[in-house]
Amino acid sequence: MEIVTFATTKGGVGKTTLTFNFAGYLAHQGKKVLLMDLDQQNSLSRTYDQTDQIGTVEQIFNVYETDRQPVVPVNVRKNIDLIVGATNLDKIQSRLVPEANKNVILLFWLKQHVKDIVEKYDYLIIDCHNDLGIATANAIAVSDVVFCPVTPAKYSVESMADFETRFEVCKNETINYDTGKTIVKAKLYYIANRISHTNNNIDKNFIKAVDNDTEHKWIAKIPERILLRRTNEDGVSVSDMQDIAQLSADKLTSDQKNNLKWMENRKYYKSQNSEKYNEFNILFDKIAKFA
């Protein structure tokens, strides 16, 4: 199982949107995907209309609870299961601060669930809060790669230095006490996100800086598109939008035909030309090569 974390210290950079759509893309490639929502805001879970607080990530991190309930992955789409986020995760993290092994709780949990989790899925994709708190540190500790989205906004670009510093601190703190070496093996990659197609100077200068940056590994440039922004609102990934757009009228079910909202959305998806869908297929395929 490949483990991918989307993380940043700057909010509003499209992290959850990328997580949601990357999972959708992989699922359409026939991959079995497990999503984990480690953001107490639960944006990813709410995108899938999952708000039930039974069997959430709380059961992984609430180590002080003597009678913890099992974690229950919820099937949310074909080939996609989700471990729902916990609204009280921030409070749980505050209690974990004194714990010596606080950064490897998720690692221990995965080792205990090889058969039912690790061997069941091709990918575990983790969406984190915009910080490098204990939950995010746990995600990094088990990850093969960490994707950090960055937008052309000034504070987003400036947050890269902060994220890298905290990433290194996390590596130095998360060690194997027998060897004294870090257990963090994750490679850090950057994704240029929400790039405007209006060719304004801010975005042009940002792209120029990305192209000339030899210090960081940039793997993709994601354009600002209404199509992508709608995915969270509709709860439909770009890959699913394309499927719906290509669905012929004679294949529609009676439930779909009688659902006015669904039919309105389908009309919009069909109005988008195939180049827009292919654009994102190419971009997510490019990202997948680093996962």
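Numbering (my numbering), first residue to last: 16 to 306.
Note that CB positions come from ideal geometry on N, CA and C, so glycine has one too.
At what residues does the beta strand (DSSP E) containing residue i begin and finish?
i    : result
L97  : 95–98
M51  : 48–53
T180 : Counting along the chain, T180 falls outside any beta strand (DSSP E), though it belongs to the alpha helix (DSSP H) covering 169–188.
E17  : 17–21
N90  : 89–92
V165 : 160–165
With a 10 Å radius around its C-beta and 16 neighbouring C-beta atoms as the bar for buried, classify residue i as buried or exposed.
i    : result
R209 : buried
T281 : Here the sequence assigns Arg to residue 281, which means Thr is not the residue at that position. The residue in question, R281, is buried, as its Cβ has 16 or more Cβ neighbours within 10 Å.
P85  : exposed
G195 : exposed
Q108 : buried
E73  : buried
N57  : buried
T189 : buried
N77  : buried
P113 : exposed
S158 : buried
D270 : exposed
K276 : exposed
M256 : buried
T166 : buried
M51  : buried
T246 : buried
S292 : As written in the sequence, residue 292 is Tyr, which differs from the Ser given in the question. Burial call: buried.
I75  : buried
V161 : buried
S289 : exposed
A264 : exposed
Y192 : exposed
Return yes when the Cβ of residue j is within less than 8 Å of the Cβ of residue i, no when it is not.
i    : j    : result
T71  : G100 : yes
I234 : F299 : no
T102 : Q65  : no
Y136 : M16  : yes
I95  : A42  : yes
L125 : K117 : no
G26  : N145 : yes
K232 : A207 : no
K30  : P238 : no
V69  : V91  : A small correction: the amino acid at residue 69 is Ile; Val does not occupy that position in the sequence shown. Going by C-beta atoms, I69 is not nearer than 8 Å to V91.
T81  : R181 : no
L104 : L147 : no
Which residues bound the alpha helix (DSSP H) around residue i?
i    : result
T32  : 30–43
R83  : Counting along the chain, R83 falls outside any alpha helix (DSSP H), and DSSP gives it neither H nor E.
F299 : 289–303
Q56  : Looking at the DSSP string, Q56 is not in any alpha helix (DSSP H), and its letter there is neither H nor E.
Q74  : 73–76
Beta-carbon of residue i versus every beta-carbon of chain D: anything under 8 Å?
i    : result
K272 : Absent from the structure: chain D. Only one protein chain is present.
The ligand FAD heavy atoms versus the CB of residue i: any closer than 7 Å?
i   : result
Q74 : With respect to small molecules bound, the structure shown includes none, and the ligand FAD cannot be examined in it.
| Quick one: any contact between the region 117–126 and the region 138–156, if contact means 3 or more CB pairs under 8 Å? | Touching, per the Cβ criterion.
| query | Are the region 16–23 and the region 143–156 touching by the rule of at least three beta carbon pairs closer than 8 Å? | reply | yes
| said: I'd like to know if the region 159–173 and the region 40–48 are in contact, where contact means that at least 3 CB-CB pairs between them fall below 8 Å. | reply: Counting C-beta pairs with one atom in each stretch, the region 159–173 and the region 40–48 have fewer than three that are closer than 8 Å, which means they do not touch.
| the region 251–268 / the region 281–297 touching (three or more Cβ pairs under 8 Å) | Taking 8 Å as the limit for Cβ pairs, the verdict is that the region 281–297 does touch the region 251–268.
| said: To test your reading of the DSSP string, which unbroken beta strand (DSSP E) runs of 3 or more residues are found completely within the region 194–281? | reply: For the region 194–281, whole beta strand (DSSP E) runs of length 3 or above, ordered along the chain, are 202–210, 233–238.
| task | Any chance you could list the beta strand (DSSP E) runs of at least 3 consecutive residues sitting entirely within the region 97–150, in chain order? | result | 138–143
| task | Tell me, please, whether the region 246–258 touches the region 30–37 by the rule of three or more beta-carbon pairs shorter than 8 Å. | result | yes
| said: Under 8 Å, with one C-beta from each stretch per pair, do the region 215–223 and the region 176–192 reach the 3-pair mark? | reply: no
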